[in-house]
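Asks: Below are the structure tokens for one structure; questions will follow.
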Amino acid sequence: MFSGEQIVAELTEMGITHIVWLPDSTLGQWESALQDASGMTLVRVCREGEAWAVAMGLELGGAKPLVMIQCTGLFDSGDSLRNALYDYGVPLFAVIGYRNALNPAADDSARTYTEPNLKSWNIEYRLIDSSGKLPELKAHYSTCRQARRPGAVLIAEGRM
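If you use the numbering used here, the sequence shown corresponds to residues 27 to 186, in order.
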């Protein structure tokens with residue numbers, strides 16, 4: 027849906043300093059552009075739960091990190107997410123690959139439970155399901171930063 031260069035341009039405008047990530051096959055296509063981005067550091071983690079903890083440390087140290095994970099990793103990382111966002115009150119922001127969101131006929135539990143999972147954590151999110159919605163990433167990030175609250179965007183994946 028978006029090239030790595032388009033994502034880097036948005037993240038640069040947002041002032042992101044670190045991408046803490048464990049990508050899926052769609053988000054992973056951005057790796058070379060993110061790796062080559064000036065002023066941004068790509069931080070790879072082994073498990074999604076680590077992403078929240080690493081991003082929290084970066085944020086507390088004065089950086090502007092962004093967590094970038096797949097939706098199944100969101101499910102897996104709930105305790106770390108809870109600890110960073112609610113126990114420590116660190117308003118992190120995430121870009122989450124939303125598996126099969128563009129395949130309405132897909133019988134996929136990841137597609138079924140991603141949005142309810144974010145709602146259960148009281149994380150405001152935006153669904154980016156077309157190329158024209160990319161500016162919502164920066165707009166929602168800015169709104170969340172100003173309000174000092176966590177937020178996310180879901181990047182719809184799949185084929186119609």
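Glycine included, each C-beta is placed from N, C-alpha and C at the ideal position.
I'd like the span of the beta strand (DSSP E) that includes TYR124, first residue to last.
Replies: It spans 119-124 - the beta strand (DSSP E) in which TYR124 sits, taken as one unbroken run.
Asks: Going by Cα to Cα distance, which pick from LEU128, LYS90, ALA182 is closest to ARG174?
Replies: It is LYS90.
Asks: In angstroms with no decimal places, state the Cα-to-Cα distance between ARG125 and GLU141.
Replies: Whole-angstrom Cα-Cα distance: 11 Å.
Asks: Which residues does DSSP pair with GLY177 in a beta bridge?
Replies: Partner(s): PHE119, GLU150.
Asks: Give me the residue from ILE181, GLU57, VAL80 with the minimum Cα distance to GLY123.
Replies: Nearest C-alpha to GLY123: ILE181.
Asks: Starting from ILE33, trace the alpha helix (DSSP H) both ways and give me its first and last residue.
Replies: Note, ILE33: alpha helix (DSSP H), 30-40.
Asks: Would you identify the three-state DSSP class for ALA182, choosing helix, strand or coil?
Replies: Here ALA182 sits in strand by DSSP.
Asks: List the whole-angstrom C-beta distance separating LYS164 from GLU36, where the pair is believed to meet the contact cut-off of C-beta under 8 Å.
Replies: Contact holds; Cβ gap of about 6 Å.
Asks: Quick check on PRO176: buried or exposed, where buried means 16 or more other Cβ atoms within 10 Å of its Cβ?
Replies: Buried is the call here.
Asks: Give me, in chain order, the residues of the same chain whose beta-carbon lies closer than 8 Å to that of ILE42; leave out the 5 immediate sequence neighbours on both sides.
Replies: Answer for ILE42: MET66, LYS90, PRO91, LEU92, listed in chain order.
Asks: Given 8 Å as the limit, is there contact between the segment 103-116 and the segment 130-141, that is, 3 or more CB pairs closer than that?
Replies: Counting Cβ pairs under 8 Å, fewer than three are found: no touch.
Asks: Name, in chain order, the residues that DSSP records as bridge partners for VAL69.
Replies: DSSP, once it has assigned bridges, lists VAL46 as partnering VAL69.
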